[in-house]
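Everything in the sequence shown is counted per my numbering, starting at 23 for the first residue and increasing by one. Below is one structure, written out as structure tokens, with a few remarks after it.
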Amino acid sequence: MEVVVSIAIGVLGGAGVWLLLRPRTFQVLIGLSLLSYAVNLFIFSVGSLAVNREPIVVPGVVPDLLNYTDPLPQSLVLTAIVIGFATTALFLVVLLALRGLSGGDHVDGQEEG
Numbered sequence: 023m024e025v026v027v028s029i030a031i032g033v034l035g036g037a038g039v040w041l042l043l044r045p046r047t048f049q050v051l052i053g054l055s056l057l058s059y060a061v062n063l064f065i066f067s068v069g070s071l072a073v074n075r076e077p078i079v080v081p082g083v084v085p086d087l088l089n090y091t092d093p094l095p096q097s098l099v100l101t102a103i104v105i106g107f108a109t110t111a112l113f114l115v116v117l118l119a120l121r122g123l124s125g126g127d128h129v130d131g132q133e134e135g
């Protein structure tokens, strides 16, 4: 489980950085989204990764602080997903307005000749 999540974080992060370095604004936007997904997955995996277990409290065990799974990473990731979606929508609107004003979507405003 940890290996699959680690590979997914690496692939998302690598693809995000590669797209950030592209000259088109839409590719930069998708790269930012992929990087945010990689960071969210990393934060989520910090909480705990378990299969076929209860999410917070294990039944039959004394419910004290040692037997709880920390729900803070999940709540942070949920908040980050909502904020990331709103930010991506704002960037998309700005990108479309810039494309309409300048006629292109190159990062520095100069099309390849």
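We treat Cβ as the ideally placed atom computed from N, Cα and C, and that holds for glycine.
| Item | Value |
| --- | --- |
| Considering Cα atoms alone, identify which of Arg46, Thr47, Asn62 and Met23 is closest to Leu34. | Asn62 |
| Ignore the nearest five residues each way along the sequence and tell me which others in Ala102's own chain have a CB closer than 8 Å to its CB. | Ser58, Val61, Asn62 and Ile65 |
| Cutting at 7 Å between CB atoms, please list the residues of its own chain near Leu123, excluding the five before and the five after it. | none |
| Mapping the DSSP letters down to three states, classify Val39 as helix, strand or coil. | helix |
| Check whether the Cβ of Ala108 lies closer than 8 Å to any Cβ atom in chain D. | Included in the structure is just one protein chain, with no chain D present. |
| What distance in whole Å lies between the Cβ atoms of Val80 and Asn89, which are believed to be in contact at a cut-off of 8 Å? | 6 Å |
| In the DSSP assignment, find the unbroken alpha helix (DSSP H) run with Leu51 in it and report its ends. | Thr47 to Gly69 |
| Check whether the Cβ atoms of Ser67 and Val27 lie closer than 8 Å to each other. | yes |
| Can you give the beta carbon distance from Gly32 to Leu41, rounded, assuming they're within the 8 Å contact cut? | Their Cβ separation, rounded to whole angstroms, is 15 Å, which puts Gly32 and Leu41 out of contact at 8 Å. |
| Within the continuous alpha helix (DSSP H) that includes Gly106, where are the two ends? | Leu94 to Ser124 |
| Name the DSSP bridge partner or partners of Val79? | Tyr90 |
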